[in-house]
Every structure is written in structure tokens, then in C-alpha cells.
Amino acid sequence: MPNKHLQATVALCSPLGAARVCQLALGCAVIALIAHGAGYSGSHGEFCMAAWCFCFAMTVVIFFLDATRLYSCLPISWDNFTVTCAAFATLMYVTASVVYPLFFVRSECPYEGCHIRNFRIAVTVCSILCAVSYGAEVATLYRAKPGQAVVGYMATVSGLLKVVQGFVACIIFGALANRSEYSRYEATIYCVVVYSFCFALTAVVVLMTVCGRTKTVLCMPFERFMVVCTLLEVLLYLSASVVWTVFCFDSKYGSPERPYHCPRGKCPWDSKLVVAVFSFVNLILYGADLLYSQTMRFVSPRLPTAPRV
Numbered sequence: 001m002p003n004k005h006l007q008a009t010v011a012l013c014s015p016l017g018a019a020r021v022c023q024l025a026l027g028c029a030v031i032a033l034i035a036h037g038a039g040y041s042g043s044h045g046e047f048c049m050a051a052w053c054f055c056f057a058m059t060v061v062i063f064f065l066d067a068t069r070l071y072s073c074l075p076i077s078w079d080n081f082t083v084t085c086a087a088f089a090t091l092m093y094v095t096a097s098v099v100y101p102l103f104f105v106r107s108e109c110p111y112e113g114c115h116i117r118n119f120r121i122a123v124t125v126c127s128i129l130c131a132v133s134y135g136a137e138v139a140t141l142y143r144a145k146p147g148q149a150v151v152g153y154m155a156t157v158s159g160l161l162k163v164v165q166g167f168v169a170c171i172i173f174g175a176l177a178n179r180s181e182y183s184r185y186e187a188t189i190y191c192v193v194v195y196s197f198c199f200a201l202t203a204v205v206v207l208m209t210v211c212g213r214t215k216t217v218l219c220m221p222f223e224r225f226m227v228v229c230t231l232l233e234v235l236l237y238l239s240a241s242v243v244w245t246v247f248c249f250d251s252k253y254g255s256p257e258r259p260y261h262c263p264r265g266k267c268p269w270d271s272k273l274v275v276a277v278f279s280f281v282n283l284i285l286y287g288a289d290l291l292y293s294q295t296m297r298f299v300s301p302r303l304p305t306a307p308r309v
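With full-length UniProt numbering as the guide, the letters of the sequence shown map in order to residues 1 to 309.
Written out as C-alpha cells, the structure is:
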């Protein structure tokens, strides 16, 4: 019994535990403010609410497993799992902290009254602070510099880049689904195939790392497998970024300028531009990942790994 109390105390009083307590408190405050009076509507509001609820539920589960040490019963690398979740939650909260005030906060009071505006401002502030607390958790778990052997791959620059790459790919898929007209040319269909393949490959790598399957892959060391995968993704994204830009914005195939009669929010040209911009963003991320992964030596962990507190 004393040991259990000590475990709970460590989970609460460590820097990592303090960050998670802040995440729970601020996440709960955001949901309560939304339910009490701030409100949300439309697809943008639904996205923000889904992001806040998902991250809050995920943090509750992680905090409970960490405090009780029940994660030792799971066949996963706990450090890799928690830093992946924290990095993903940071990106989700940052996005929601931008989207929500952009669509719901105005300087003037709405017709419902100034208290609605004030609630929405409070939601935005709490969301930003929660994003900071998730970022603090990532910083707490972060370790390893180029040339060092690492156990928790997801807590390295390369591992964190994998999470960002997947998140950017989700933005690309969202834009593709929003009237992007990608099926108009076979070349743009090829780009969608590239985006899907690279996302699937990145997801497989993250899943393998979280599950601790990092000894050998296809008869090669895991770090060499990572370099091969990343190089392939760089080449594929390079081709897709160029092809998408040509077939969407060259005057022979598309429109170099936004049509003046195209309604905002429902214009295919806007979606094409978002895909093009984030394609080059992901190309840069994969390039940085390739450069970093060649300097890193990886050590397979025993499952589960001890938490870093």
C-alpha cells in the first residue's frame, strides 16, 4: 500500500506529473466553458470540440496508467507512447487555439451578449495554456542529440518529426476532401496515392516504435530501415509537390490565380493551394528527418520502459 501511495505521489509531484495535472485542469476548463456558454457550431467548431475532448480523454487514461503503473501490463514502449501522444496533442491544441478564435471570437459583442464573447476569450486562453503544457511534457521527455544512442525513438527530433509529418498529412487529406478536384487528372491522382502511401508508411513506423518492434526490419537494422523509408518519402513527396503544383496552377491545366467568382470556403482553388503549400511543408520535414536520422544510433528497449520523471 505505501508503495502505491509513493507511485501516485511521484506521478503528481514530478515535472512530468505537474504538466499532466495542468493538462487535465485546463482541458476540463475548456470543455466546461464551452458547455456553459461559449458554444460552438459548424465544422470548425466541431473540429475544435473533438480535438479538446479527445486530448482530454487521452490524458486521463495516460495519467491513470502512469499513477497506478498499470502500463507495465501493456506490450508497448511507454516512453514512446506518451511522447507521441503529447506531441500529437500539442499540435491539436495549437490548431484548435487558432481555429476557434478565428471563427468565433469578435472584438464586438454578439447579439447574445458580451458574456458569450468573454467565455470564448477564456476558452481560447485556456486552450493556448493547455497547448503550452503539452509542449512542456514533450520537452520533459525529449532526449538524445545527434550521434548518441537512444532508446525512446519518439522522444528524439526524428521521432517528433514523424508526428508532425502525420499531422500535416491529415491537413492535406482534409483539403483534398474539400472540393479539391484531384480526380480531374491522372497526375493529381498519383499525388494522392503518394500522400496516402507516405502517411501509411509513417504510421507504420510510429506503431512499430510504440510497440517496441525495433530490432530488425526486413533483414536490416531498424535505423537503416528508417533511413531507407525516409529517403523514399523524400523522393515521393518531391515528385508529388512538383506534379501537384504544375497540374493545379499552370495555365495549361489549371488556374494560376484565384477565380474572382469562386466563393470563399467552397472554392476548389483554395483547397488546391492548401495541398500545395503543405506538400512542400512535409517535403521539408521529411528532408530534415532524413538528415537527422543518419546521425542517430538506435537501441531496442525492453518492454515496458521505465517512465522518465
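The beta-carbon is built from N, C-alpha and C at its ideal position, and this holds for glycine as well.
Under the three-state reduction of DSSP output, proline 101 falls in the helix class. CA-to-CA, the gap between methionine 92 and threonine 188 works out to about 28 Å.
From the listed residues Ser97, Val281 and Ala35, the smallest Cα separation to cysteine 130 is found for Ser97.
Put simply, of Gly27, Ile284 and Asn80 the residue whose alpha carbon is nearest the alpha carbon of threonine 230 is Ile284.
Taking C-alpha positions only, cysteine 170 is separated from alanine 50 by approximately 15 Å.
For the set Ala240, Arg20 and Gly27, the Cα lying nearest the Cα of cysteine 198 is the one of Ala240. Its Cα nearest to that of valine 60, the residue Thr82 stands out among Thr124, Thr82 and Val210. DSSP places proline 15 within a helical segment (H, G or I) once states are collapsed to three.
Membership of tyrosine 190 in the alpha helix (DSSP H) is indicated by the continuous run 186–210. Rounded to the nearest angstrom, the gap between the Cα atoms of glutamate 108 and alanine 122 is 15 Å. From the listed residues Lys272, Leu161 and Phe119, the smallest Cα separation to alanine 86 is found for Leu161. For tyrosine 286, the enclosing alpha helix (DSSP H) starts and ends at 268–293. A Cβ-Cβ distance of about 7 Å is found for the pair leucine 24 and phenylalanine 63, placing them in contact under the 8 Å criterion. The Cβ-Cβ distance between valine 194 and leucine 232 does not fall below 8 Å. For cysteine 126, the enclosing alpha helix (DSSP H) begins and ends at 114–141.
The three-state secondary structure of lysine 162, taken from DSSP, is helix.
Spanning the alpha carbons of leucine 26 and phenylalanine 56 requires a straight line of approximately 9 Å. Excluding sequence positions up to five before and after tyrosine 185, its CB lies within less than 6 Å of the CB of Phe247, all in the same chain and listed in chain order.
Between valine 227 and glycine 287 the beta-carbon gap is near 13 Å, outside 8 Å, which marks them as no contact. Distance between lysine 272 and leucine 176, taken at the CA atoms: about 7 Å. DSSP places histidine 44 inside the alpha helix (DSSP H), whose first and last residues are 42–68. Going by beta carbons, cysteine 53 and tyrosine 40 fall outside the 8 Å limit. Of the residues Ser196, Phe225, Val125 and Cys191, the one whose Cα lies closest to the Cα of valine 205 is Phe225.
Rounded to the nearest angstrom, the gap between the Cα atoms of valine 94 and serine 72 is 31 Å. Taking the Cβ atoms as the reference, isoleucine 76 lies roughly 5 Å from valine 210, within the contact range of under 8 Å. With at least 16 other beta carbons inside 10 angstroms of its own, glutamate 223 counts as buried.
Note that the C-beta distance between phenylalanine 167 and alanine 38 is not below 8 Å. For a cut-off of 8 Å, the C-beta gap from lysine 266 to arginine 179 is around 6 Å, short enough to register as a contact. Per the C-alpha coordinates, the member of Ala35, Thr90 and Phe103 positioned closest to glycine 42 is Phe103. Excluding its 5 nearest sequence neighbours in each direction, leucine 238 has C-beta neighbours in its own chain below 8 Å: Leu283, listed in chain order.
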